[in-house]
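Chains as they are written, first to last, in this note's numbering: chain Z, 106 to 451; chain P, 33 to 378.
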């Protein structure tokens, strides 16, 4: 069919439709000034004012946040935050409610308080890990902020895509947990909650130091661990995890180790060598029983013959995580209770 | 599959008369005894023979005694039992398929055991080797029966079709197991050490329940050694000598499945031992299955224990699982064997 064959009435109808469509597109273009992400995911917030907007749904101002990927301009009061990789649980711990998260292991989620677990599960699942985030799903959430903690090499691969969807605040895996909490709170506008957690943490540390001053000064400790992935009949004298808080913040006298040395794998045959320590710390679950991977250690005859064990100086300590103030506070509670069981002459 | 006449004429480079075979057997026994002793002496620290003697016969609460009695002794016994089972099962499968490069895993034994362990850990939450070893055993048995049925044609069991069925079933189960492990990373962690193949950390109470199966399987293996010798001359000749092909194959498959399935259940999949040792045994003693079985019973645990001891030394104080050491040793040996195929062929 050619144009010359068209009915004149049809031509005028099509012209009217085209005019209406053009007008609609122009209106849509003019309305793009609000802070709703566009279809391509480009963040629309361009202002630099730090004045908070009274709008309940969005913020017209922005703030600057320092992160491992530079100084990032983020919404002053982000409403739709996607937290990927290891950023999700610390963000939730600060009181954040992400709209999307990447998966965490069931064993990790089992250690969360119920409320936080509910918040995590209410968010959209964006993929198996931070490095394997489903970018299409992420864009469909129209986030106004992306928080990410994942290996730097993984981040570099998706950096441009993430930043095209929303301002992205990235921290590498080597970021110290307090720095991470500061960064996430600053980006997510959760600094009030962070201040409360910090105050509680400092008070708790001070109380433990004061209560157990003599023990801390005069006792040698060692922290053991064992993981689901550990080789059979091996355990670890660990230098990372919650024990870093016991060493760096509380000041427990733990084995010295080189920078970057996360721990020494030991055979069960070497359990007897633990006799040199006054107090042995080992991992327990929330109920106070040795964790499932560590249980084979405490079942050995050698363990049960250790002086620290026979004298009640083997202390189970619950570590629900060491990357947020909430989990660290729960660890300090457990450590406090464990130290309280030591004889007073320690 | 029929045997090449040329192979019959060259049964082994060092085909020996009965006396020399007996002396060789005695030497193999002495080597095994020496390795058993070394396995008790060498570990995270060297133990003087006197300490080993005291630990075994005059035990006290000494930590060295715990190390020997609780860890090295079970490990050594597991190595002995698993090695014997792998050696004889390898000899059986090579005789059955008339393929000198066949191993016990070729009928899907390892795949069945691994899949069953994945299901036990990932879906049923079984965490202890005492629990999932039975799944491994059952998985090996079920899959071998499946392969036996798939490999049966109207004319009976065809070794070639059985091997193909084993490869196919193994591939399917391998894929399904990998999928389960990817869905459940916690299960993957649990599987890691078992999947590497190790005799470390297996308590003796995982060995005792399997021993009756091993004993029965060894009796069966020696019972079918005569018919297998006849079958090596060709099916027609074997039938002419009154051998029941179907009965012999079924009994041999039952025996090798019990042996390989039990060994895999205890230690995880350990490659190359069941392939190399019968091959070397045949090279030494010629095609007589009775001698091959006897030599395999001594040489296979020797190889396993030597590999395990090597794994304790090369990365001291860490260890390499024996399954990895046998793979390192096995790959070049396999190449050598392939190049010498005519010398040690069936």
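Where a beta carbon is used, it is the ideal one built from N, C-alpha and C, also for glycine.
With a CB to CB cut of under 6 Å and the five nearest residues on each side skipped, what residues in its chain are close to residue i?
{"i": "residue 142 (chain P)", "result": "296 and 301"}
{"i": "residue 313 (chain Z)", "result": "355 and 441"}
{"i": "residue 162 (chain P)", "result": "238"}
{"i": "residue 115 (chain P)", "result": "332, 333 and 336"}
{"i": "residue 214 (chain P)", "result": "none"}
{"i": "residue 325 (chain Z)", "result": "358, 382 and 383"}
{"i": "residue 291 (chain Z)", "result": "170"}
{"i": "residue 306 (chain P)", "result": "118, 121, 122, 135 and 136"}
{"i": "residue 330 (chain Z)", "result": "341, 343 and 388"}
Among the options, which has the Cα closest to the Cα of residue i?
{"i": "residue 151 (chain P)", "options": "P:96, P:331, P:77 and P:211", "result": "P:211"}
{"i": "residue 386 (chain Z)", "options": "Z:401, Z:193 and Z:417", "result": "Z:417"}
{"i": "residue 218 (chain Z)", "options": "Z:431, Z:388, Z:414 and Z:269", "result": "Z:431"}
{"i": "residue 335 (chain P)", "options": "P:349, P:350, P:360 and P:320", "result": "P:360"}
{"i": "residue 281 (chain P)", "options": "P:264, P:66, P:83 and P:319", "result": "P:264"}
{"i": "residue 347 (chain Z)", "options": "Z:223, Z:233, Z:248 and Z:429", "result": "Z:429"}
{"i": "residue 254 (chain Z)", "options": "Z:287, Z:263 and Z:188", "result": "Z:188"}
{"i": "residue 216 (chain Z)", "options": "Z:390, Z:262 and Z:400", "result": "Z:390"}
{"i": "residue 474 (chain Z)", "options": "Z:320, Z:408 and Z:400", "result": "The question about residue 474 (chain Z) has no answer here: the residues shown for chain Z are numbered 106 through 451."}
Ends of the alpha helix (DSSP H) at residue i?
{"i": "residue 244 (chain P)", "result": "243-255"}
{"i": "residue 298 (chain Z)", "result": "296-316"}
{"i": "residue 409 (chain Z)", "result": "406-410"}
{"i": "residue 333 (chain P)", "result": "321-345"}
{"i": "residue 268 (chain Z)", "result": "257-270"}
{"i": "residue 355 (chain Z)", "result": "Here residue 355 (chain Z) belongs to no alpha helix (DSSP H), and DSSP marks it neither H nor E."}
{"i": "residue 340 (chain Z)", "result": "Per DSSP, residue 340 (chain Z) belongs to no alpha helix (DSSP H); it is in the beta strand (DSSP E), 339-343."}
{"i": "residue 141 (chain P)", "result": "141-154"}
Report yes if the C-beta of residue i is less than 8 Å from at least one heavy atom of the ligand PLP; otherwise report no.
{"i": "residue 349 (chain P)", "result": "Here there are no bound small molecules, and the ligand PLP is not part of this structure."}
Please decide whether residue i counts as near chain C, where near means a Cβ-Cβ distance under 9 Å.
{"i": "residue 212 (chain Z)", "result": "Absent from the structure: chain C. Protein chains present are Z and P."}
I'd like the list of long-range same chain contacts for residue i, defined as Cβ closer than 8 Å, with 5 residues on each side in sequence excluded.
{"i": "residue 92 (chain P)", "result": "86"}
{"i": "residue 286 (chain P)", "result": "249 and 252"}
{"i": "residue 349 (chain P)", "result": "76"}
{"i": "residue 392 (chain Z)", "result": "none"}
{"i": "residue 343 (chain P)", "result": "351, 352, 353, 354, 356 and 357"}
{"i": "residue 185 (chain P)", "result": "193"}
For residue i, return the contacting residues in chain Z, with the cut-off set at a CB-CB distance below 7 Å.
{"i": "residue 76 (chain P)", "result": "372, 374 and 375"}
{"i": "residue 103 (chain P)", "result": "338, 373 and 374"}
At a CB-CB cut-off below 9 Å, which residues of chain P make contact with residue i?
{"i": "residue 336 (chain Z)", "result": "224, 225, 228, 230, 232, 233, 350, 351 and 353"}
{"i": "residue 405 (chain Z)", "result": "98, 102 and 103"}
Run down chain P in chain order and give the residues with a C-beta less than 8 Å from the C-beta of residue i.
{"i": "residue 286 (chain Z)", "result": "Those within 8 Å of residue 286 (chain Z) in chain P number zero; the least Cβ separation is about 26 Å."}
{"i": "residue 469 (chain Z)", "result": "The question about residue 469 (chain Z) has no answer, for chain Z in this structure spans 106 to 451."}
{"i": "residue 397 (chain Z)", "result": "159"}
Which residues mark the beginning and the end of the beta strand (DSSP E) in which residue i is found?
{"i": "residue 101 (chain P)", "result": "Neither: residue 101 (chain P) is in no beta strand (DSSP E) and is coded neither H nor E."}
{"i": "residue 168 (chain Z)", "result": "167-172"}
{"i": "residue 420 (chain Z)", "result": "419-423"}
{"i": "residue 430 (chain Z)", "result": "Not the beta strand (DSSP E): residue 430 (chain Z) falls in the alpha helix (DSSP H), residues 430-445."}
{"i": "residue 387 (chain Z)", "result": "384-389"}
{"i": "residue 177 (chain Z)", "result": "175-180"}
{"i": "residue 188 (chain Z)", "result": "186-190"}
{"i": "residue 328 (chain Z)", "result": "326-330"}
{"i": "residue 371 (chain Z)", "result": "368-372"}
{"i": "residue 280 (chain Z)", "result": "Neither: residue 280 (chain Z) is in no beta strand (DSSP E) and is coded neither H nor E."}
{"i": "residue 304 (chain P)", "result": "Here residue 304 (chain P) belongs to no beta strand (DSSP E), and DSSP marks it neither H nor E."}
{"i": "residue 207 (chain Z)", "result": "Here residue 207 (chain Z) belongs to no beta strand (DSSP E), and DSSP marks it neither H nor E."}
{"i": "residue 254 (chain Z)", "result": "250-254"}
{"i": "residue 275 (chain Z)", "result": "273-276"}
For residue i, go through chain Z and note every residue whose CB falls closer than 9 Å to its CB, in chain order.
{"i": "residue 11 (chain P)", "result": "Nothing can be reported for residue 11 (chain P): it is not among the residues displayed for chain P, which extend from 33 to 378."}
If the cut is a Cβ gap below 8 Å, which residues of chain Z does residue i touch?
{"i": "residue 217 (chain P)", "result": "210"}
{"i": "residue 221 (chain P)", "result": "332, 333 and 334"}
Apart from the five residues just before and just after residue i, which ones in its own chain have a Cβ nearer than 7 Å to its Cβ?
{"i": "residue 124 (chain P)", "result": "253, 284, 287 and 288"}
{"i": "residue 190 (chain P)", "result": "183"}
{"i": "residue 53 (chain P)", "result": "317 and 323"}
{"i": "residue 405 (chain Z)", "result": "373 and 376"}
(message) When you compare the segment 234-249 of chain Z with the segment 203-220 of chain Z, are there three or more beta-carbon pairs, one atom per stretch, that lie closer than 8 Å?
(response) yes
(request) Taking 8 Å as the threshold, find out whether the segment 406-414 of chain Z comes into contact with the segment 122-139 of chain P through three or more Cβ pairs. (result) no
(message) Using 8 Å as the cut-off, can you tell me whether the segment 65-82 of chain P makes contact with the segment 194-213 of chain P, which would need three or more C-beta pairs spanning the two stretches below that distance?
(response) no
(message) Assess contact between the segment 336-353 of chain Z and the segment 366-380 of chain Z, defined as three or more Cβ pairs (one per stretch) separated by less than 8 Å. Is contact present?
(response) yes
(message) If contact is defined by three or more beta carbon pairs under 8 Å, each pair taking one atom from either stretch, is the segment 177-193 of chain Z in contact with the segment 265-272 of chain Z?
(response) yes
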